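Step one of this worksheet: look at the structure below.
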Amino acid sequence: MRKACVMILIFAFLFSLCACVQTQAEVVSGYLKAGSFAYVYDVDEILDLEKAVLVVRFSDGTTEERKIEESFVDGFDTSTTGQKTLTVTYGEKISLTWDYEVLYSADPTKEIKTTARASSETTFYEGGCSLEITLNKGNLEGIAAMSFTISYADSAVVPTIVIASGWDYGIYSYGAGQWGAVVYAPDGNTEEKLVFNVVGQGAAEPPHIGTVKVSDGKSDYDLPDAGGNDNA
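Just so we're aligned, residue 4 is where the sequence shown starts under this note's numbering, counting upward by one.
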């Protein structure tokens, strides 16, 4: 009798376990919660997932919210401007798309085509500095120009550039010690980096070098096309 009772209990347990497995709700669909992504991003803007939420629907009619992780997202790219689409994938049943636009906020009419971004390292010495520019993607081939700002504490100091043969440059004054420089690349250039000197004759303090930007012509950022020497 005891053995029979044990067998009945085992069968009951197995039946209930199978029933739970059979009735377990499955993921059937999902949607993005309002405000998860923006419609417009700025060039080089980082994706913010703080408010990104995926609402998951199950076969039993219930829903649950899932925090969207970076691994769920594919197709987010702000290195260039234009209309784009990202995809949010969750498991095998959910694949959602979101259309967005990337603009250059400083001038929304400008079209950014190149993904090249420049980093720079400056070594200061008395009266000036040595500026080394390196691209973090690709090399300088195809780059028409690059620009940076120069600031001297003494507003009377006018900087000059000592540059490698074959390169050209122009200096533009913003007034009160603020200058802008555009360096033009020669045709067929394949260098990975550019090193040159920025010198301010009679300067008591070294210059301040601002952000370096890379251009493929007028379509990229606010730089002019590469051309002849336009020194001021």
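Just so you know, even glycine gets a beta-carbon here, dropped at the ideal spot from N, CA and C.
Note that the structure is a prediction, hence the values are computed from the model and not measured.
As DSSP reads the structure, Q86 sits in a beta bridge with E104. Excluding residues up to 5 positions away in sequence, C132 and S133 lie with their Cβ nearer than 7 Å to the Cβ of T126 in the same chain. The segment 25–81 is shown to contain whole beta strand (DSSP E) runs of 3 or more residues at 30–35, 43–45, 56–61 and 66–70, in chain order. Counting the other CB atoms within 10 Å of its CB gives I49 a total below 16, which places it among the exposed residues. The C-beta distance from K54 to S39 rounds to 6 Å, short enough to fall under 8 Å. Following the DSSP letters along the chain, one finds I166 in no beta strand (DSSP E), marked with neither H nor E.
The residue from G130, Y93 and Y172 with its alpha-carbon nearest to that of I71 is Y93. Inclusion of L197 and V186 in the CB contact set at 9 Å is warranted, their separation being smaller than that value. Following the DSSP letters along the chain, one finds S154 inside the beta strand (DSSP E) bounded by residues A148 to S154.
Excluding sequence positions up to five before and after A207, its CB lies within less than 8 Å of the CB of A156 and D157, all in the same chain and listed in chain order.
Counting along the chain, V186 sits inside the beta strand (DSSP E) bounded by residues Q181 to Y187. Taking H211 as the centre and dropping the five residues before and after it, the same chain places the C-beta of S154 closer than 6 Å to its C-beta, in chain order. Relative to D102, the option among T88, A37, F151 and N200 whose CA is nearest is T88. Closest in C-alpha terms to Y107, from the list K96, A159 and T84, comes T84. Taken through DSSP and simplified to helix, strand or coil, T112 comes out as coil. Judged by their CB atoms, R60 and S32 are nearer to each other than the 9 Å cut-off. Only residues of its own chain outside the window of five on either side were considered, and among them V202 have a CB closer than 6 Å to the CB of T163, listed in chain order.
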